Amino acid sequence: MAARPMPYLDDLNPAQREAVECLDGPVLMLAGAGTGKTKALTARVVHLLNTGRARPNEILSVTFTNKAAREMKNRVGRMLGQVVEGMPWMGTFHSICVKLLRRHAELVGLKSNFTILDTDDQLRLLKQLVQARGIDDKRWPARMLANIIDDWKNRALTPDRVPAADAGAYNHVGPKLYAEYQARLRELNACDFGDLLLHMVTIFQTHPDVLEQYQRWFRYILVDEYQDTNVAQYLWLRLLASAHKNICCVGDDDQSIYGWRGAEVGNILRFEKDFPGAHVVRLEQNYRSTPHILAAASGVIRGNSNRLGKELWTEAEDGEKVRLIGHWDGEEEARWVGEEIESLSEGSSAIAKRRQNARSEQLKREIQRLDDRDALRGLNSLEQLFERLKKHESFLADETNRNLLWELTSRQQEGLSLEPAFKKFFLDDMAILVRASHQMRAFEDRFLTIGLPYRVIGGPRFYERLEIRDAMAYFRMVVSPSDDLAFERIVNTPKRGLGDKAQQTIQRIARENGVPLVDGAALAIEQGAIKGKGASALGRLITDLARWGRMTRATVAVESDDDVVEDLAQPMPTNSEVNHVELAQVILDESGYTAMWQNDKTPEAPGRLENLKELVKALENFENLQGFLEHVSLVMDNESDDHGAKVSIMTLHAAKGLEFPVVFLPGWEDGLFPSQRSMDESGVKGLEEERRLAYVGITRAEEVCTVSFAGNRRVFGQWQSQMPSRFVDELPEEHVEVLTPPGLYGGGYGAAAPMGGFGGGVKSTLETRASEANVYNSPGWRRLQARSSERPVSQPREAAGQVIDLTAVSAFEVGERVFHQKFGYGLVSGIEGDKLEIHFEKAGTKKVVARFLVAADD
Ligand code: ATP
Ligand code: MG
428 MAARPMPYLD
438 DLNPAQREAV
448 ECLDGPVLML
458 AGAGTGKTKA
468 LTARVVHLLN
478 TGRARPNEIL
488 SVTFTNKAAR
498 EMKNRVGRML
508 GQVVEGMPWM
518 GTFHSICVKL
528 LRRHAELVGL
538 KSNFTILDTD
548 DQLRLLKQLV
558 QARGIDDKRW
568 PARMLANIID
578 DWKNRALTPD
588 RVPAADAGAY
598 NHVGPKLYAE
608 YQARLRELNA
618 CDFGDLLLHM
628 VTIFQTHPDV
638 LEQYQRWFRY
648 ILVDEYQDTN
658 VAQYLWLRLL
668 ASAHKNICCV
678 GDDDQSIYGW
688 RGAEVGNILR
698 FEKDFPGAHV
708 VRLEQNYRST
718 PHILAAASGV
728 IRGNSNRLGK
738 ELWTEAEDGE
748 KVRLIGHWDG
758 EEEARWVGEE
768 IESLSEGSSA
778 IAKRRQNARS
788 EQLKREIQRL
798 DDRDALRGLN
808 SLEQLFERLK
818 KHESFLADET
828 NRNLLWELTS
838 RQQEGLSLEP
848 AFKKFFLDDM
858 AILVRASHQM
868 RAFEDRFLTI
878 GLPYRVIGGP
888 RFYERLEIRD
898 AMAYFRMVVS
908 PSDDLAFERI
918 VNTPKRGLGD
928 KAQQTIQRIA
938 RENGVPLVDG
948 AALAIEQGAI
958 KGKGASALGR
968 LITDLARWGR
978 MTRATVAVES
988 DDDVVEDLAQ
998 PMPTNSEVNH
1008 VELAQVILDE
1018 SGYTAMWQND
1028 KTPEAPGRLE
1038 NLKELVKALE
1048 NFENLQGFLE
1058 HVSLVMDNES
1068 DDHGAKVSIM
1078 TLHAAKGLEF
1088 PVVFLPGWED
1098 GLFPSQRSMD
1108 ESGVKGLEEE
1118 RRLAYVGITR
1128 AEEVCTVSFA
1138 GNRRVFGQWQ
1148 SQMPSRFVDE
1158 LPEEHVEVLT
1168 PPGLYGGGYG
1178 AAAPMGGFGG
1188 GVKSTLETRA
1198 SEANVYNSPG
1208 WRRLQARSSE
1218 RPVSQPREAA
1228 GQVIDLTAVS
1238 AFEVGERVFH
1248 QKFGYGLVSG
1258 IEGDKLEIHF
1268 EKAGTKKVVA
1278 RFLVAADD
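Taking the working numbering, the leading residue of the sequence shown gets 428, the next gets one more, and so forth.
Take a look at the structure:
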């Protein structure tokens, strides 16, 4: 049968083509970011199908996420020009192994309908085993054991193979408990995540007939992101490929970012040893990013010593330098990013203009490349250019071009000018990549406030996270004790020994008496329907809730030193008062909720604690708990649809393999990025992994990459000054443009002007930064910030993004009736800039800062 035409090969460069066409034997594609590894891998699948080498179900193709697998499937279909019927073995290691294990479960003592435990189940089981041995699980938390076992599983170690060096693990009973755990799982006909691979490796190792069957079945194996495979995954692949050796792995040692989860970058370096005679293809042309972005990324990664070292080049026009900007604090950073996104998507920024020129040049070049020089003659408008381009299939094969053309066509149909389509970036073009998920909160809040649609990729949005919902449930109970849903959520979180039965009793008693659950719970104790330990823990919770409730009614707004400028009357009694931010912390601590995560040894726990801190911090923008809860419920209500264009927010880890025209990289501060843990560690291993993460971040950007840091982050209401990340200093100065923070020199938002580059190099940048820091710390700056910072609840007078002029007339007038959270109602009797003198009805005459006032609605 004659092979069909192969237009997909025309799109590849010679090195990529080599990797695609060399179908037999081992192939390793080792190349830097954006060099088209994934594209070549996809083309290879297409080529296998198109040349009739393999049917769809004979190709085993491993991607890093399910999303990547879906995308690859779609692309294969498009490149092939037809729908591919079933690519059952295209997916993640886990998704593929589940399918295989269901077929052979009995070989490891399971039934084919085994259940897969989640982390919670896994822990509960381990805890039972730990307690059964009489081990103090305070001193030796079950979480710790879970981590150790996961680690063994990542290293493909079954209980009988745990090395002598690990014998001392978990107080010397780790290996024994591991064996018990595996036996228990078998009894339960269950397995955990790590088992999926481990069992398959065991089956392949102990049943050669099964292995042979799959070696014949999977005639071709392809693996993306090979640098992040762990030992178990590596063994599994090696076993499958060992007969025909038709394995093609692609990866980049500079992008290995999962070392903390057992990934071994060594796997990629060992490939040639494992598969002698492997065809190694190196790709050096980058098709994703402009030269400045590429050079900045290369400059940073050069700081790592343990690397193969690759140089990348691009044909793209220079484009924008990497932009660097320092902000006052995290909120300000989020505000600025929001403004930038708006200006980029409206096409009003200078970048958009430059982009338009570059784009039309690019189109002209494209025509030339298509060897259609005649076409250029007489083509003066973009309209004509693109009419021409529509006729060229290979141009259309490229997704970016197709999208562009699609946009142009629809604009033309609507009779709109084509120019703006070149100028603007769409929301889908932009992404914010954070180091730690708690950084997302400031952006989410800001975007919700200004109505900018966004999506969080690779995890729930901030207010949907488990720990945040738990904490919010506590706050809800405190504000409205009859919130039964909140009560259900927290009654046994942290564990108070109230099982299903006790909870049903509470429900019943509450129903019978027609009272809220919390009162039902009190009755249940009174009537002796709940007894013992559970009863006393429940009793404590009920009294605590009532006490916090009384405290919340006595809370005062958080105030900075600048708030009350001068107390013209006697001071208000403050000893019994607690502000709502402190109260929130008290609730989380006294309820045992904070401790629950502190004692939790899973890798997620530190992140959850960070999120809780972030939640408490968010409260500072509100006057009280109630206002905050209202804000969140409005926010959550608005946001249920997932259609339409949206800005993406995700962690750097989740961004692997993706690309965006515009990328924001916030929070480049020592201790945040690189993480404190990596900085505390001896040796450079952790730091080098962080640096690779920085490299991954920068190389996601196609056209605009903005790195930012904040001079201050607020932790529990305390300013903590931050040092810009060491990675900031590693950005090569000739590829960086330093932007001036808004407001600092009278510039408006969104009009940040270059400060004149690095000038005398990195050192002078640091000095500039230091002097900026002084400006930041001056009372004038702080007040400016205070006034311009938007307050979602009590900010009726200041429009978003408005440039605040200190000399401007106050938003209030003399004689106006106002309300102050702490001092109550009063009349404005004098105005001095942002300071107002107020005759309070109860508290007497005081000078206060305007931002703590709202107009009284009478
Ligand atoms: P990463 O290391 O980040 O995963 P990668 O090496 O997998 O990157 P791809 O995502 O495959 O790179 O490609 C990066 C971009 O370059 C994509 O937009 C892709 O369409 C484009 N590209 C790749 N190869 C070519 C080529 N030969 N001609 C034109 N564009 C290409
Ligand atoms: Mg890729």
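Glycine included, each C-beta is placed from N, C-alpha and C at the ideal position. Here the structure is a predicted model, which is why all the values come from computation and not from measurement.
- Of the residues F853, E953, V692, T920, the one whose Cα lies closest to the Cα of Y1020 is T920.
- Shown here, N1139 sits in a strand according to DSSP, grouped into three states.
- The closest heavy atom of the ligand MG lies less than 7 Å from the beta carbon of G1084.
- The DSSP-derived three-state label of Y881 is strand.
- Assignment of beta-bridge partners to Y647 by DSSP yields I486.
- Rounded to whole angstroms, the Cβ separation of V708 and M456 is 5 Å, and the two are in contact under 8 Å.
- In this structure, the CA atom of T836 is about 9 Å from the CA atom of E814.
- Residue state for F870 is assigned as helix, using DSSP reduced to three classes.
- A direct Cα-to-Cα measurement between E1115 and Q682 gives close to 11 Å.
- Relative to the ligand ATP, the beta carbon of L1120 is positioned no closer than 7 Å to any heavy atom.
- Looking at the DSSP output, I1076 sits in a beta bridge with I859, V883.
- For R715, the distance from the CB to the nearest heavy atom of the ligand ATP is below 7 Å.
- With a cutoff of 8 Å on beta-carbon distance, G1124 and L1092 are scored as near each other.
- Distance from L553 to Y597 at the Cβ level is roughly 10 Å; contact not present, criterion being Cβ atoms closer than 8 Å.
- Relative to the ligand MG, the beta carbon of D651 is positioned inside 7 Å of a heavy atom.
- In the DSSP assignment, D756 is bridged to N1139.
- Looking at the DSSP output, C1132 shares a beta bridge with V1090.
- Checking the 7 Å criterion, the Cβ of T465 is within range of a heavy atom belonging to the ligand MG.
- Judged by DSSP secondary structure, R1104 falls within the alpha helix (DSSP H) whose first and last residues are 1103–1107.
- Nearest in C-alpha terms to L710, of all of L468, N493, P483, is L468.
- Residue pairing by DSSP places R1244 opposite L1254 in a beta bridge.
- Nearest C-alpha to Q789 among H671, K1112, N828, A559: N828.
- Each residue's CA atom was taken as its position, placing S539 and Q839 some 56 Å apart.
- Excluding five sequence positions before and after E1057, none of the CB atoms of its chain fall closer than 6 Å to its own CB.
- Here the segment 867–881 makes no contact with the segment 945–959; the two share fewer than three CB pairs at distances below 8 Å.
- Beta-bridge annotation (DSSP): M456 is paired with V677, V708.
- Contact annotation: Y653 and G463 have beta-carbon atoms that are not nearer than 8 Å.
- In this structure, the alpha-carbon of D622 lies about 7 Å from that of K580.
- Taking 8 Å as the cut-off, the Cβ atoms of E747 and H706 do not count as close.
- Closest in alpha carbon position to F902, among D587, D1156, R505, L1039, is L1039.
- Under the DSSP assignment, E1264 falls in the beta strand (DSSP E) whose first and last residues are 1262–1267.
- V1275 and V906 have their alpha carbons spaced roughly 28 Å apart.
- When DSSP states are grouped into helix, strand and coil, Q1147 belongs to the strand group.
- Not one heavy atom of the ligand ATP lies closer than 7 Å to the C-beta of G746.
- Nearest Cα to W687 within the set L1158, I562, F1239, N574: N574.
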